[in-house]
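Peer 1: This structure is in structure tokens; I'll ask about it shortly.
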Amino acid sequence: MRKTWDRIRHAIGFEVVGLLIFAPLASWAFGYELHEMGLIGIVASLIATGWNYLYNVLFDKGMLRFTGQLRKSVPVRVLHAVLFELGLLVVFLPLVAWYLDISLVDALIMDIAVAVFYMVYALVYNWLYDTVFPVPSLKAQPKPEGAALS
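Going by the numbering used here, the sequence shown opens with residue 28, and the numbers climb by one from there.
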């Protein structure tokens with residue numbers, strides 16, 4: 028499993044790069060001011076950073092318990108990203124509706140669009156992170172069948 032400092036580096040890198048992409052893109056896509064999307068992004072980033080750490084620790088423990096390994100196949104990476112974003116969606120929906128003074132339906136539509144963006148971003152970021160910073164204990168493990176993205 029990854030060390031705490033590695034998980035902190037992962038979480039900070041994920042949130043900083045994600046925020047730099049999210050704020051201007053969301054401002055353009057949804058028609059709000061950059062500072063409004065930036066503030067939503069920063070608050071979401073702080074919440075997501077804590078969730079990211081906790082979620083990944085729990086996910087890794089679950090993988091070890093059920094599979095005995097930490098190497099993620101493509102389907103497992105997709106499941107990982109989807110479950111992570113669903114957890115955030117439950118928290119962010121009322122916050123976005125309140126801050127932007129929009130209906131829950133409008134906030135849901137916005138949150139779904141943002142979740143789709145972050146699912147794709149998370150898939151790519153985590154794959155690249157695992158490639159650049161592999162888990163040391165997994166270097167010698169054979170790849171599972173069909174694990175082209177490991």
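Every residue gets a Cβ at the ideal spot worked out from N, C-alpha and C, and that includes glycine.
From which residue to which residue does the alpha helix (DSSP H) around F86 run?
Peer 2: Locating residue 86 in the sequence shown gives position 59, where the first residue counts as 1. Taken as a continuous stretch (DSSP letters only), the alpha helix (DSSP H) holding F86 covers L61 to T94.
Peer 1: Check for me: the alpha helix (DSSP H) holding M137 runs from which residue to which?
Peer 2: Against the sequence shown, residue 137 aligns to sequence position 110. Counting along the chain, the alpha helix (DSSP H) containing M137 begins and ends at L131 to V159.
Peer 1: Alpha carbon to alpha carbon, how far is K99 from I129?
Peer 2: By one-based count along the sequence shown, residue 99 stands at place 72. By one-based count along the sequence shown, residue 129 stands at place 102. Approximately 39 Å between the Cα atoms of the pair.
Peer 1: Buried or exposed for H62, please, with buried defined as at least 16 other CB atoms from any protein chain shown within 10 angstroms of its CB.
Peer 2: Here residue 62 corresponds to residue number 35 of the sequence shown, with the count starting at 1. Classification of H62: exposed, given that the 10 Å Cβ count is below 16.
Peer 1: Give the range of the alpha helix (DSSP H) segment to which V43 is assigned.
Peer 2: Locating residue 43 in the sequence shown gives position 16, where the first residue counts as 1. Its alpha helix (DSSP H) spans residues T31 to F57.
Peer 1: Do you know offhand how far S177's Cα is from A71's?
Peer 2: Taking the sequence shown and counting its residues from 1, one reaches residue 177 at position 150. Taking the sequence shown and counting its residues from 1, one reaches residue 71 at position 44. Because S177 sits at a pLDDT of 48, beneath the cut-off of 50, its placement in the model cannot be relied upon, and the point is left open.
Peer 1: With DSSP as the reference, label S177 as helix, strand or coil.
Peer 2: As a first step, residue 177 is located in the sequence shown; it is residue number 150 there, counting from the start. Confidence at S177 is low in this model, with a pLDDT of 48, below 50, so the placement of that residue should be treated as unreliable; the coordinate-derived value is given next. It is coil, neither helix nor strand.
Peer 1: Quick one, which of A108, T31 and G40 has its alpha-carbon nearest F144's?
Peer 2: For the purposes of this step, residue 144 is taken as the residue at position 117 of the sequence shown. Of the candidates A108, T31 and G40, the one whose C-alpha sits nearest the C-alpha of F144 is A108.
Peer 1: Taking DSSP as the reference, what is the three-state secondary structure of V162?
Peer 2: To locate residue 162, count along the sequence shown from 1; it is residue 135. Looking at V162 - three-state DSSP - the assignment turns out to be coil, as it is neither helix nor strand.
Peer 1: In chain order, what residues of the same chain have a beta carbon less than 8 Å from the beta carbon of R34, not counting five sequence neighbours either side?
Peer 2: As a first step, residue 34 is located in the sequence shown; it is residue number 7 there, counting from the start. If we look at R34 and ignore the five residues flanking it on each side, its Cβ neighbours are Y80, N83 and V84.
Peer 1: Going along the chain, which residues of its own chain have a beta-carbon closer than 8 Å to the beta-carbon of A50, five neighbours each way excluded?
Peer 2: Sequence index remark: in the sequence shown, residue 50 carries index 23 (1-based). So the list reads L61, M64, G65 and G68, once near-sequence residues are dropped.
Peer 1: Going by C-alpha to C-alpha distance, which of R104, G58, N153 and Y152 sits closest to M137?
Peer 2: Stepping through the sequence shown from its first residue, residue 137 is reached at position 110. M137 has its Cα closest to that of G58, out of R104, G58, N153 and Y152.
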